[in-house]
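K.L.:
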Amino acid sequence: MPHYRSVGELPPKRHTQFRSPDGSLYAEELMGVEGFSSDSALLYHRELPTAIIDSREPDWAGRASSAEAHDRSTTPNLPLKPRHFRTPALSWPAGPVDAVTGRRQLFANPDVSISYVEADADSGLYRNAVGDELLYVRSGSATVETVYGALEVGPGDYVVLPTSCTYRVLPRGVLRLLVLEATGHIGPPRRYLSARGQFLEHSPYCERDLRAPTAPLLVEGEDVDVLVRHRAGLSVLTYAHHPFDVVGWDGCLYPWALNIADFEPITGRVHQPPPVHQTFEGPNFVVCSFVPRKVDYHPLAVPVPYNHANVDSDELMFYVGGDYEARKGSGIGLGSLSLHPAGCTHGPQPGAVEASLGAERFDETAVMVDTFRPLELGEAALACEDDRYAWSWARRGPESRATG
1 MPHYRSVGEL
11 PPKRHTQFRS
21 PDGSLYAEEL
31 MGVEGFSSDS
41 ALLYHRELPT
51 AIIDSREPDW
61 AGRASSAEAH
71 DRSTTPNLPL
81 KPRHFRTPAL
91 SWPAGPVDAV
101 TGRRQLFANP
111 DVSISYVEAD
121 ADSGLYRNAV
131 GDELLYVRSG
141 SATVETVYGA
151 LEVGPGDYVV
161 LPTSCTYRVL
171 PRGVLRLLVL
181 EATGHIGPPR
191 RYLSARGQFL
201 EHSPYCERDL
211 RAPTAPLLVE
221 GEDVDVLVRH
231 RAGLSVLTYA
241 HHPFDVVGWD
251 GCLYPWALNI
261 ADFEPITGRV
271 HQPPPVHQTF
281 EGPNFVVCSF
291 VPRKVDYHPL
301 AVPVPYNHAN
311 VDSDELMFYV
321 GGDYEARKGS
331 GIGLGSLSLH
341 PAGCTHGPQP
351 GAVEASLGAE
361 RFDETAVMVD
371 TFRPLELGEA
381 ALACEDDRYA
391 WSWARRGPES
401 RATG
């Protein structure tokens with residue numbers, strides 16, 4: 001993270017004796033990325049964070065909510081075409097669904113996996129040791145409990161969870177999440193930051209917009225299971241003591257949240273390109289936020305996007321609020337995802353350009369993910385695809401072609 005935080009009890013100097021009221025030493029844990037060469041946090045545990053008493057592969061037998069979530073097979077986008085997916089059409093098992101094991105994979109490539117879940121039950125403890133995670137809350141609210149403390153999240157929140165951060169998600173009612181699991185780290189675009197990590201004046205959000213844990217979260221318990229995703233698959237580690245026993249921490253690496261409504265749009269006299277909406281960057285992908293905004297104010301401006309071919313990236317758009325002007329007439333609605341792959345030119349639906357002329361404001365909210373390697377389709381995408389979308393610009397499909 002770009003700025004230093006301190007939470008709970010800490011000794012005056014790091015790596016020195018720090019004792020509990022009973023005289024025993026607290027156990028240090030350094031959480032750091034890129035070895036010891038980048039951002040880190042130093043956590044002080046009541047018990048040894050290394051004390052595991054068992055390790056085993058998870059047993060999913062009898063858990064319907066996990067059967068589809070762990071199907072991570074993918075299908076190439078063949079034949080190549082733009083695609084539309086309706087997450088409200090996904091079905092969910094009758095039993096409890098949690099925000100970790102209930103995820104259903106929509107898309108993936110070697111850099112990122114993108115899943116969706118409608119959770120109504122508390123998750124167990126989970127740790128992703130492969131890369132950072134980014135949760136986007138489409139609807140509902142929850143407490144995200146972490147080894148650093150708790151975060152209260154609700155509609156429109158992005159939640160960044162660093163690699164190997166142990167956490168669990170406790171929904172209140174039904175929680176709908178889009179989940180990005182990276183194979184590296186997710187953070188603010190480098191162009192928004194100074195050489196020392198401060199948000200610059202041209203950044204569309206800054207430190208004041210970010211939320212992070214403000215107090216330690218102490219939970220008693222012994223023989224506690226943590227589901228761990230690692231490079232070889234999934235394992236369950238059993239700890240002698242509950243991992244949430246941190247009395248204090250400090251540093252620049254921690255979970256944090258940003259609400260999409262706090263992203264300040266950048267506008268101009270003519271249509272601005274998607275990089276002005278960029279919110280995060282990850283390994284070979286970016287995440288952008290399209291929010292309600294004043295649109296182009298040149299007297300001859302065309303407010304909706306021009307037709308464009310992203311020759312180096314696939315463009316995935318998740319429609320979460322308002323009325324998306326460029327997609328009118330395509331069948332896209334709230335909860336839809338559109339995938340416009342490299343190799344296909346895409347742009348506004350027929351009639352959208354003329355209809356947008358003279359508009360002063362767009363009331364739309366969407367999350368865009370651009371990946372620089374092709375996205376393949378997961379089981380959830382195949383289960384909710386609208387197969388008419390690719391032909392919506394021509395208003396007719398392959399069945400209309402003349403046959404000999």
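Using the UniProt record's numbering, read the sequence shown as starting at 1 and increasing by one per residue. Where is the CB? At the ideal position from N, CA and C, for every residue including glycine.
Comparing alpha-carbon positions, which option in V369, T365, P350 lies nearest R396?
P.N.:
As a first step, residue 396 is located in the sequence shown; it is residue number 396 there, counting from the start. Per the Cα distances, P350.
K.L.:
Do you know offhand how far L237's Cα is from V228's?
P.N.:
Here residue 237 corresponds to residue number 237 of the sequence shown, with the count starting at 1. Here residue 228 corresponds to residue number 228 of the sequence shown, with the count starting at 1. So the alpha carbons of these two residues sit roughly 7 angstroms apart.
K.L.:
Kindly provide the ranges of any alpha helix (DSSP H) runs that are 4 or more residues long and lie completely inside the UniProt domain "Homogentisate 1,2-dioxygenase C-terminal" (303-393), ordered along the chain.
P.N.:
Runs of the alpha helix (DSSP H) inside the UniProt domain "Homogentisate 1,2-dioxygenase C-terminal" (303-393): 352-356, 379-383.
K.L.:
What alpha helix (DSSP H) runs, 4 residues minimum, are completely inside the segment 23-86?
P.N.:
Segments of the alpha helix (DSSP H) lying fully in the segment 23-86: 64-67.
K.L.:
Taking the alpha carbon of P110 as the point to measure from, which residue in T74, L78, Y297 has its own alpha carbon closest?
P.N.:
As a working mapping, residue 110 is identified with position 110 in the sequence shown. It is T74 whose Cα lies nearest to the Cα of P110.
K.L.:
Using a Cβ-Cβ cut-off of 6 angstroms (strictly less than) and excluding sequence neighbours within five positions of V100, which residues of its own chain qualify?
P.N.:
On the sequence shown, position 100 is the one that residue 100 refers to. Only S123, Y126 meet the Cβ criterion.
K.L.:
Kindly give me the distance between the Cβ atoms of V160 and L134, rounded to whole angstroms, as I take these residues to be in contact under 8 angstroms.
P.N.:
As a working note, residue 160 is residue 160 in the sequence shown. As a working note, residue 134 is residue 134 in the sequence shown. Indeed they touch by this definition, with Cβ atoms about 6 angstroms apart.
K.L.:
Of the choices P341, Y148, G358, C206, whose alpha-carbon is the least far from that of P216?
P.N.:
Numbered from 1 along the sequence shown, position 216 holds the residue referred to as residue 216. Out of P341, Y148, G358, C206, Y148 has the C-alpha closest to the C-alpha of P216.
K.L.:
Pull up the distance between the alpha-carbon of G282 and that of Y116, whole angstroms please.
P.N.:
On the sequence shown, residue 282 is found 282 positions in, with the first residue counted as 1. On the sequence shown, residue 116 is found 116 positions in, with the first residue counted as 1. Taking the straight line from one Cα to the other gives about 19 angstroms.
K.L.:
Closest to L180 by C-alpha separation, out of V97, E29, P162, would be which residue?
P.N.:
Your numbering for residue 180 matches position 180 in the sequence shown. Looking at the Cα atoms, P162 is the closest of the given residues.
K.L.:
Among residues of its own chain, excluding the 5 on either side of P11, which ones have a beta-carbon nearer than 6 angstroms to its beta-carbon?
P.N.:
One-based indexing of the sequence shown puts residue 11 at position 11. Result list for P11: F18, in chain order.
K.L.:
How long is the line joining the alpha carbons of P265 and R327, rounded to whole angstroms?
P.N.:
For the purposes of this step, residue 265 is identified with residue 265 of the sequence shown, where counting begins at 1. For the purposes of this step, residue 327 is identified with residue 327 of the sequence shown, where counting begins at 1. Between P265 and R327, the C-alpha separation is close to 20 angstroms.
K.L.:
Could you give the C-beta distance for A121 and D98, rounded to a whole number, given that I count them as a contact under 8 angstroms?
P.N.:
Taking the sequence shown and counting its residues from 1, the one referred to as residue 121 is at position 121. Taking the sequence shown and counting its residues from 1, the one referred to as residue 98 is at position 98. Indeed, because the Cβ distance is near 5 angstroms, the residues count as touching under 8 angstroms.
K.L.:
Which residues bound the beta strand (DSSP E) around A150?
P.N.:
Sequence index remark: in the sequence shown, residue 150 carries index 150 (1-based). Element bounds for A150: 149-153.
K.L.:
Leaving out five residues before and five after R72 in sequence, what residues of the same chain have Cβ atoms less than 8 angstroms from its Cβ?
P.N.:
What you label residue 72 is simply residue 72 of the sequence shown in a count that begins at 1. For R72, where only same-chain residues beyond five positions count, the Cβ hits under 8 angstroms are Q105, A108, S113, G378.
K.L.:
Between Y4, H3, Y44, which lies nearest to R14 when the distance is taken from Cα to Cα?
P.N.:
Translated into the one-based positions of the sequence shown, residue 14 becomes position 14. It is Y44.
K.L.:
So for I266, helix, strand or coil by DSSP?
P.N.:
Within the sequence shown, residue 266 is the residue found at index 266, counting from 1. Reduced to three states, the DSSP call for I266 is coil.
K.L.:
Any contact between the segment 250-264 and the segment 332-350? By contact I mean 3 or more CB pairs, one from each, below 8 angstroms.
P.N.:
No, the segment 250-264 does not touch the segment 332-350.
K.L.:
Can you tell me where the beta strand (DSSP E) holding L227 begins and where it ends?
P.N.:
The residue labelled residue 227 in the question sits at position 227 within the sequence shown. Note, L227: beta strand (DSSP E), 222-230.
K.L.:
When you compare the segment 383-398 with the segment 76-95, are there three or more beta-carbon pairs, one atom per stretch, that lie closer than 8 angstroms?
P.N.:
Judged by Cβ distances under 8 angstroms, the segment 383-398 makes contact with the segment 76-95, as three or more pairs qualify.
K.L.:
What separation, rounded to the nearest whole angstrom, lies between the Cα atoms of Q278 and V286?
P.N.:
Taking the first residue of the sequence shown as position 1, residue 278 is located at position 278. Taking the first residue of the sequence shown as position 1, residue 286 is located at position 286. When rounded, the distance between both Cα atoms is 7 angstroms.
K.L.:
Three or more C-beta pairs under 8 angstroms: does that hold for the segment 230-247 against the segment 49-63?
P.N.:
Yes: at least three Cβ pairs fall under 8 angstroms.
K.L.:
Would you report the Cα separation of N77 and S400, rounded to the nearest angstrom?
P.N.:
One-based indexing of the sequence shown puts residue 77 at position 77. One-based indexing of the sequence shown puts residue 400 at position 400. If you take the alpha carbons of N77 and S400, they lie about 23 angstroms apart.
K.L.:
Between the alpha carbons of D262 and P88, how many angstroms are there, rounded?
P.N.:
Working through the sequence shown from its first residue, we reach residue 262 at position 262. Working through the sequence shown from its first residue, we reach residue 88 at position 88. Approximately 26 angstroms between the Cα atoms of the pair.
K.L.:
Based on DSSP bridge pairs, tell me the residues matched to T238.
P.N.:
As a position in the sequence shown, residue 238 is number 238, starting the count at 1. According to DSSP, T238 bridges with D54, D225.
K.L.:
In the DSSP assignment, the beta strand (DSSP E) including L258 goes from what residue to what residue?
P.N.:
Reading the sequence shown from its first residue, position 258 is the one you call residue 258. Taken as a continuous stretch (DSSP letters only), the beta strand (DSSP E) holding L258 covers 256-259.
K.L.:
Taking Q105 as part of the beta strand (DSSP E), name the residues at either end of that continuous run.
P.N.:
Stepping through the sequence shown from its first residue, residue 105 is reached at position 105. Q105 -> beta strand (DSSP E) spans 104-108.
K.L.:
Report, in whole angstroms, the separation of the C-beta atoms of V353 and V304, which I expect to be a contact under 8 angstroms.
P.N.:
Locating residue 353 in the sequence shown gives position 353, where the first residue counts as 1. Locating residue 304 in the sequence shown gives position 304, where the first residue counts as 1. Indeed, because the Cβ distance is near 6 angstroms, the residues count as touching under 8 angstroms.
K.L.:
At which residue ranges does the segment 115-187 contain complete beta strand (DSSP E) runs of 3 or more residues, listed in the order of the chain?
P.N.:
Complete beta strand (DSSP E) runs here, min 3: 125-128, 133-146, 149-153, 157-161, 167-182.
K.L.:
Tell me the rounded alpha-carbon separation between R46 and A142.
P.N.:
In the sequence shown, the residue the question calls residue 46 occupies position 46. In the sequence shown, the residue the question calls residue 142 occupies position 142. Cα to Cα, R46 sits roughly 27 angstroms from A142.
K.L.:
Which residues mark the beginning and the end of the beta strand (DSSP E) in which C288 is found?
P.N.:
Here residue 288 refers to the residue found at position 288 when the sequence shown is read from its first residue. Where C288 is concerned, the enclosing beta strand (DSSP E) stretches over 285-290.
K.L.:
Could you tell me the distance, in whole angstroms, from the CA atom of F290 to the CA atom of D54?
P.N.:
Here residue 290 refers to the residue found at position 290 when the sequence shown is read from its first residue. Here residue 54 refers to the residue found at position 54 when the sequence shown is read from its first residue. Roughly 46 angstroms between the two C-alpha positions.
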